[in-house]
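Quick notes on the structure that follows.
Protein chains in written order, with my numbering: chain P, 4 to 802; chain S, 557 to 797.
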């Protein structure tokens, strides 16, 4: 989230799209309800009428996967009717930037596409630069090559008729949606978006969100109270795990994983440290070398970061196609892995194309599953269609402590790092994950010390006791290391620090190894003042109380800033655009800013508002993504149409997919659009909740929701056991026949949509059913590799 | 000061936190259920399910309403079930809170179905294992020590409220005025007669036939005892509709 949960109450219009917040984030509705009480309009756009729709002021149906058509149509609507927040757009976004001559867009494909590698040469999307090396601009927004005019041209194709015919949303609903949301383009109005996996799990997942971020920029909704782009994270600590690098392409704090082509720390830093020649651009990432050196130092305390850089594993590239989750299992299925740790996860149910994953695990030598309950991954070898006598994989199951049985922090969707005390002891001496990881690596270190190896230094020299005290994992010591400390006596910014002193914030980190920090974004979380995440004070100023800011409760990255990009909430003089809901306010050179922690303490207009961007502006045109600088409509890789109205390019040409796996496109065997989702009563693959009888009592079995029209076509009665088939496999489910699902009219043809939850698995409860991911395809977004489990093709028949 | 629940159904998201919290606090076992083509589960109240969120879909003029009704004993001001009691002490009507509490002495009642028959809201059930007649007891053990009932405590949206009766009725009337702006047919159900006051956004029967005690409009023939009581118990409803 750019904002945070409480802040939702400040909104005038809440668009919930790609999310079923009432069911999957029940507490969020505390704040949604509060906003409604204050007069906000809540709009829900979804393939199904859900418990969220039931509370919304407006519901509009959409065929799964057609979001960019609807959002592109909204961009066109906003631009055509000139509903943008012009001052904001000119001052804070790159609308005025001139795009270079190499940029082209032709029939759904951007300049620089290489069909062989299914990727783009992004250099062709660059801005035209002036003599100083800064982007050329036209503040009048009239230059035909400026971003604003490019947007107009690009989205001109997204007219109401075409959007309606491909998305299935009626024109009246489209107009109402556009009109209502675009009304937040006024300086005193705030619109927000709540989205989740309904937007991310597509082959255009990143561009779905880019589309909305652009709308928010056009309407001046970023940086303000009740605005922002708000991802509702699925796990209580999934934000924390992302910040601390659970993914292949990033290190902690969103530093890049080094590539083999970057042989030295200097080469690595040079590649990822952006340079701006504009003195008004804060270009915060120019500090990159300080963060990378401090991270390396935190891992190899006795080494110079330049030397220890060599210890970091290197990738060949950052392509999702080569390294992300789906490919990991593709390679495993191809016999390229010997061993696999499935730690706190259940890929036999959670991963797209679950049968493939289960088959792949049978090709391992060993599998370690760390979990709180037995599950379908640990037991994959005795699952459906498995012959244990033919599976060589040796499986180890390590039970571990549950979250409440250990101390540590979680970081919620609103970026709040919240310290949690230990509750009861884990039963039977079970250990927390931290202890298991510590002991495992300690053992590996001992083995390497004793036996040597091809390249033992990265392991033997690792400062592993940085996270442990007397050989036991220490959550506080780890949190202090993540914050960072000085590794020698030093003076920074006129202040003297001793070796071992905690770093006050990332502004004090150094590039020479004199500081360490396990994650620069978390620098300031555990300082000389103590554990900031453990704070529980509700103290606040009047201004903070006015918008529900609690700066003394827990701690928020970065540097306790609760609303990101908040310099865009004020005009160039520092006056709030909406004084009634001011986030920050400039009060003069002595007293400076009041309210939230500003996005940099400089005086108003001393720096551009978007300090994390190289040039300092919010990116309407974003030349950094794998699939294009502007979101473009493509069908899901499995879809019910042969063509769409916006170009002759049916699918995202850069999508992650495996050519040897068939896809159902307009396939008469699989005529129904399928989607997967969650219910309030279950959690992820259900490992925790399927073992909780009060929850399985409420949602005991996998179900498939369908319209009465489809049920009649298939001769299915409510409550019948039915079979759902896709190219990957089949599962049974109980039919819920409901008017909450409607057939869509897509290009004049009736298209039916069904949906089912993915929380179930064959082990428990008996007769609960199996994972809906048996149906979902191994295709994904080119930027992140996230699988397209929200739109795929299926059939339904009586069991 | 006597107590009252105010349950604002316009704010209920059917998260069913209340349904689980009730079982958790009372240590009630789960029932063996199957999906029967609805999210509502268990299907009905029972000897081990004292609070149940009912789901109902209503579509009028192409506008879908999905109505959620967290059902429980209404703790009537003048409980008709007292008339069903033959074993002294099987029902306690707590004077301080107004809670209507069934005790283990209900096991000794000869006609246990009489409790359910007497109820204008069709609430009491028999626990098959103990033979006791059971229903919500307002979490009287919690309330007596100043805690909220478990279901209220867990509600995320402010749909479930609990407190002194005057405060709750004031809140109910405030919410009603607001709700009527969006839902012209919104009303409070049987507010003068019960300690569990529901605010509905549309007619009560669309949620569930026993949400309101007034069953006269949906049944023909001579008045049953239930209907008679129901008729006595709904002046507010008639005034506001």
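For every residue, glycine included, the Cβ atom is placed at its ideal position computed from N, Cα and C. Quick caveat, the model's predicted, so the values are computed rather than measured.
Within chain S, the C-beta atoms nearer than 8 Å to that of residue 704/P come from 590 and 591, in chain order. Pairing residue 770/P with residue 587/S gives a Cβ-Cβ distance that is not under 9 Å. Boundaries around residue 626/S are those of the beta strand (DSSP E), 619-627, since no alpha helix (DSSP H) includes it.
The residue from 442/P, 523/P, 83/P and 467/P with its alpha-carbon nearest to that of residue 298/P is 523/P. In terms of beta-carbon proximity, residue 712/P stays away from the interface with chain S, with every pair separated by 9 Å or more. Within the stretch 667-695 of chain P, contact with chain S at the beta-carbon level (separation under 9 Å) is assigned to 682, 683, 684 and 695. Residue 86/P and residue 625/P have their C-alpha atoms spaced approximately 22 Å apart. The beta-carbon of residue 649/S is placed no less than 9 Å from the nearest beta-carbon of chain P. Not flagged as an interface residue toward chain S: residue 172/P, since no C-beta distance is shorter than 9 Å. Boundaries of the beta strand (DSSP E) harbouring residue 737/P: 733-740, taken from the DSSP string. Residues of the stretch 742-768 of chain P whose Cβ lies closer than 8 Å to any Cβ of chain S, in chain order: 742 and 743. In the three-state reduction of the DSSP assignment, residue 77/P falls in the helix class. If you ignore the 5 residues before and after residue 659/P, its C-beta comes within less than 8 Å of the C-beta of 206, 323, 324, 327, 329, 330, 782, 783, 784, 785 and 788, all in its own chain and listed in chain order. For residue 618/P, no alpha helix (DSSP H) segment is defined, and its DSSP state is neither H nor E. Between the stretch 98-105 of chain P and the stretch 562-579 of chain P there are fewer than three inter-stretch CB-CB distances shorter than 8 Å, so the stretches are not counted as touching. Residue-level contact by beta carbon fails for residue 416/P and chain S, as no gap is shorter than 9 Å.
In terms of beta-carbon proximity, residue 741/S stays away from the interface with chain P, with every pair separated by 9 Å or more. Flagged as an interface residue toward chain S: residue 722/P, by a C-beta distance shorter than 9 Å. Annotation: Cβ neighbours of residue 700/P in chain S (cutoff 7 Å, chain order): 586, 587, 589, 597 and 598. Here the alpha carbon of residue 493/P sits roughly 37 Å from the alpha carbon of residue 320/P. Three or more Cβ pairs closer than 8 Å define a contact, and the stretch 204-218 of chain P falls short of that threshold against the stretch 386-400 of chain P. Separation of the CB atoms of residue 368/P and residue 408/P is rounded to 32 Å, and the pair is thereby denied contact status at 8 Å. The three-state secondary structure of residue 87/P, taken from DSSP, is coil. Put simply, of 616/S, 601/S and 625/S the residue whose alpha carbon is nearest the alpha carbon of residue 716/S is 625/S. In the displayed model, residue 645/S falls within coil according to three-state DSSP, outside both helix and strand. Residue 167/P sits close to residue 177/P, with the two beta carbons spaced by under 9 Å. Around residue 309/P, the same chain offers 268 as residues with beta carbons nearer than 6 Å, after the five sequence neighbours per side are excluded. Comparing alpha carbon positions, the residue from 679/S, 614/S and 718/S closest to residue 761/S is 614/S. For residue 697/P, the enclosing alpha helix (DSSP H) covers residues 696-701.
Taking all protein chains shown into account, residue 701/S has fewer than 16 neighbouring C-beta atoms within 10 Å of its C-beta and is therefore exposed. Rounded to the nearest angstrom, the gap between the Cα atoms of residue 161/P and residue 88/P is 21 Å. Here residue 67/P is near residue 676/P, since their CB atoms are less than 9 Å apart. Residue 656/P places its beta carbon less than 9 Å from that of residue 112/P.
Distance check between residue 337/P and each of 661/P, 749/P, 747/P and 753/P places 661/P closest, using alpha-carbon atoms only. Note that the C-beta distance between residue 738/S and residue 15/P is not below 9 Å. With the criterion set as a beta carbon lying under 8 Å from some beta carbon of chain P, the members of the stretch 570-586 of chain S are 570, 571, 572, 573, 575, 576, 579, 580, 585 and 586, in sequence order.
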